[in-house]
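See structure below.
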Amino acid sequence: MNKSALELIGVSKLFQKDGESVLAVDAVGLTVKEGELVTFLGPSGCGKTTTLRMVAGFELPTSGRITIKGKDMTNVPVNKRGIGFMFQTYALFPHMSVYNNVAYGLKARGEKDREIKTKVREALRLVGLEKTEHRFPNQLSGGEQQRVALARVIVMEPSLLLMDEPLSNLDAKLRIHMRTEIRKIQQDLGITCLYVTHDQSEALTMADRIVIMNKGRIEQIGTPFEIYSNPQSVFVADFIGQANIIRLKITAVGSDTISVQIPQGGVFTARALRPERLKKQEAIYKVGAEASLIIRPEQIQLGPAPAKEDQFPAIVESAMFVGSHIEYFVKLPNDSVIKALVPYQTGMHIFSAGDDVELSFDVASAVFLPN
Ligand SMILES: Nc1ncnc2c1ncn2[C@@H]1O[C@H](COP(=O)(O)OP(=O)(O)O)[C@@H](O)[C@H]1O
Ligand SMILES: [Mg+2]
Numbered sequence: 004m005n006k007s008a009l010e011l012i013g014v015s016k017l018f019q020k021d022g023e024s025v026l027a028v029d030a031v032g033l034t035v036k037e038g039e040l041v042t043f044l045g046p047s048g049c050g051k052t053t054t055l056r057m058v059a060g061f062e063l064p065t066s067g068r069i070t071i072k073g074k075d076m077t078n079v080p081v082n083k084r085g086i087g088f089m090f091q092t093y094a095l096f097p098h099m100s101v102y103n104n105v106a107y108g109l110k111a112r113g114e115k116d117r118e119i120k121t122k123v124r125e126a127l128r129l130v131g132l133e134k135t136e137h138r139f140p141n142q143l144s145g146g147e148q149q150r151v152a153l154a155r156v157i158v159m160e161p162s163l164l165l166m167d168e169p170l171s172n173l174d175a176k177l178r179i180h181m182r183t184e185i186r187k188i189q190q191d192l193g194i195t196c197l198y199v200t201h202d203q204s205e206a207l208t209m210a211d212r213i214v215i216m217n218k219g220r221i222e223q224i225g226t227p228f229e230i231y232s233n234p235q236s237v238f239v240a241d242f243i244g245q246a247n248i249i250r251l252k253i254t255a256v257g258s259d260t261i262s263v264q265i266p267q268g269g270v271f272t273a274r275a276l277r278p279e280r281l282k283k284q285e286a287i288y289k290v291g292a293e294a295s296l297i298i299r300p301e302q303i304q305l306g307p308a309p310a311k312e313d314q315f316p317a318i319v320e321s322a323m324f325v326g327s328h329i330e331y332f333v334k335l336p337n338d339s340v341i342k343a344l345v346p347y348q349t350g351m352h353i354f355s356a357g358d359d360v361e362l363s364f365d366v367a368s369a370v371f372l373p374n
């Protein structure tokens with residue numbers, strides 16, 4: 004028997020706000036495997052929190068179904084779902100010791116003192132706080148309080164762990180440290196986890212898979228590598244990592260490539276994606292229309308003009324030496340501004356503002372998407 008840990012089937016949520024309806028979540032479908040950590044990433048207001056709150060049971064879906072380990076949970080109350088949550092504000096009980104904060108839920112559940120002690124100590128050991136059980140929250144650093152909050156959740160042995168931007172109150176350095184810690188604990192316990200963030204590097208470094216949301220809908224689901232190297236929409240390409248998005252006129256359409264007119268140059272051909280959601284459309288790419296070329300800054304090389312047939316002529320707008328790289332902004336004759344991050348090698352020529360250059364890149368690293 005191989006039931007998925009969690010399944011969302013056509014889940015939607017319609018809110019009424021000031022007499023208007025807001026479709027906060029629009030037909031979201033997702034299957035999460037046992038032990039998987041799935042991050043939800045997207046701009047503010049795209050429906051991440053609402054989706055999580057429906058999984059938790061704090062909101063009921065307007066339509067659709069939610070199953071946990073194959074059991075329909077759509078209308079099951081919060082406390083019957085066996086879910087642990089951790090939110091941005093983790094509100095420890097200030098008048099209780101660390102031990103009692105962590106033990107609180109087990110006591111409420113009526114577990115025996117001896118078992119509680121074993122479980123609390125184990126949870127505190129997992130989060131690296133075994134020596135603090137007698138302290139009070141105000142005697143702990145922000146990071147330590149966060150760990151207590153995590154211990155308090157995992158001690159309950161939830162079947163599913165939900166986290167909504169749990170690190171956003173911490174400073175940058177601690178945030179980076181804690182994401183590795185959380186990931187390690189999650190993997191050690193083999194606990195299935197949904198993790199909401201609007202921080203793309205957090206999403207990329209922690210996730211088995213990322214769900215990219217936009218305006219209530221899922222734009223793409225994939226491993227960090229898939230999302231980064233094969234974005235299925237301009238939105239995803241733009242949201243994950245840095246991407247240059249250059250709109251160019253199509254001159255020819257092949258079976259899985261297209262060719263475009265390089266502004267004041269020749270013709271450039273590369274792989275063209277046909278996103279799943281547009282499969283039904285007859286012609287995603289048409290000669291004479293435009294497509295978006297997606298190219299990452301670190302894939303671009305600059306050379307002295309003139310450009311060859313399949314290279315892009317450009318003028319350097321700015322060049323900045325940033326140690327390991329030179330960060331260039333260059334302008335194409337169609338006014339597109341492109342960022343290039345060129346690794347610095349000793350003795351290499353650095354172009355200056357106003358220089359005529361050519362841009363080149365490995366065709367395999369570029370991809371076309373519909374506008
Ligand atoms: N209780 C609510 N009542 C009305 N509208 C809401 C409510 N909760 C969220 N929304 C709206 O739903 C949309 C998605 O919100 P949310 O899920 O919080 O997004 P995110 O977590 O991605 O920032 C937003 O437009 C928000 O204003
Ligand atoms: Mg939110």
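Going by the numbering used here, the first residue of the sequence shown is number 4, and it counts up by one from there.
By construction, the Cβ of each residue, glycine as well, lies at the ideal position given by its N, Cα and C atoms.
At a cut-off of 7 Å, would you count residue i as near ligand 1, judging by its Cβ distance to the nearest heavy atom?
i: Ser47; result: yes
i: Thr183; result: no
i: Val370; result: no
i: Ala59; result: no
i: Phe88; result: no
i: Phe18; result: yes
i: Ala27; result: yes
Residue i and residue j look like a contact to me (Cβ under 8 Å); what is the Cβ gap, rounded to whole Å?
i: Ile287; j: Pro373; result: 5 Å
i: Leu132; j: Val151; result: 7 Å
i: Gly45; j: Met209; result: With 8 Å as the limit, Gly45 and Met209 do not qualify as a contact, their Cβ atoms being about 15 Å apart.
i: Leu344; j: Glu301; result: 5 Å
i: Met89; j: Pro169; result: 5 Å
i: Val156; j: Leu127; result: Not really, about 13 Å apart at Cβ, beyond 8 Å.
i: Val58; j: Leu9; result: 7 Å
i: Val366; j: Ala273; result: 5 Å
i: Val1; j: Glu136; result: With the chain represented from 4 up to 374, any question about residue 1 goes unanswered, as that position is not in the structure.
i: Leu129; j: Asp191; result: 7 Å
i: Leu109; j: Ile69; result: Not a contact, Cβ separation roughly 26 Å.
i: Ala275; j: Ala294; result: 7 Å
i: Ile379; j: Ser368; result: Outside the displayed range of the chain (4 to 374) lies residue 379, so it cannot be described from this structure.
i: Val319; j: Val290; result: Contact doesn't hold; Cβ gap of about 32 Å is too wide.
i: Asn141; j: Gln91; result: Their Cβ separation, rounded to whole angstroms, is 19 Å, which puts Asn141 and Gln91 out of contact at 8 Å.
i: Ser327; j: Pro346; result: 7 Å
i: Gln203; j: Ile243; result: 6 Å
i: Tyr107; j: Gln149; result: 17 Å between Cβ atoms; not a contact.
i: Ile194; j: Arg212; result: Between Arg212 and Ile194 the Cβ distance is about 16 Å, and since that is not below 8 Å, they are no contact.
i: Val31; j: Thr54; result: 6 Å
Any heavy atom of ligand 2 closer than 7 Å to the Cβ of residue i?
i: Lys51; result: yes
i: Val199; result: yes
i: Asp3; result: Nothing about residue 3 can be read from this structure; the chain reaches only from 4 to 374.
- Report yes or no: do three or more beta-carbon pairs, one from the segment 326–344 and one from the segment 255–268, lie closer than 8 Å? Of all C-beta pairs linking the segment 326–344 to the segment 255–268, three or more are shorter than 8 Å, placing the two stretches in contact.
- State whether the segment 64–74 contacts the segment 235–250, with contact taken as three or more CB pairs (one from each stretch) at a distance under 8 Å. With contact defined as three or more Cβ pairs closer than 8 Å, the segment 64–74 and the segment 235–250 are not in contact.
- Item | alpha helix (DSSP H) runs contained entirely in the segment 145–186, provided each spans 4 or more residues | List check, alpha helix (DSSP H) in window: 145–157.
- Item | Whole runs of the beta strand (DSSP E) within the segment 28–103, excluding any shorter than 3 residues | Correct list: 40–44, 66–71, 86–90.
- Message: Using 8 Å as the cut-off, can you tell me whether the segment 196–213 makes contact with the segment 29–47, which would need three or more C-beta pairs spanning the two stretches below that distance?
- Response: Touching, yes.
- the segment 254–261 touching the segment 319–334, judged by at least three CB pairs closer than 8 Å: Proximity of the segment 254–261 to the segment 319–334 falls short of the contact definition, fewer than three beta-carbon pairs being nearer than 8 Å.
- Report yes or no: do three or more beta-carbon pairs, one from the segment 171–187 and one from the segment 12–23, lie closer than 8 Å? Using a C-beta cut-off of 8 Å, the segment 171–187 makes no contact with the segment 12–23, since fewer than three inter-stretch Cβ pairs fall below that distance.
- Task: Within the segment 341–365, note down every full beta strand (DSSP E) run reaching 3 residues or more, in order along the chain.
- Result: Listed in chain order, they are 359–363.
- Item | Contact the segment 276–285 vs the segment 306–318: 3+ CB pairs below 8 Å | Touching, no.
- Query: Considering only residues of the segment 237–269, which uninterrupted alpha helix (DSSP H) runs meet the minimum length of 4 residues and lie entirely inside it, listed in chain order?
  - Reply: 237–242, all fully within the segment 237–269.
- Those runs of the alpha helix (DSSP H) which lie wholly inside the segment 304–340 and span at least 4 residues: Within the segment 304–340, no complete alpha helix (DSSP H) run reaches 4 residues.
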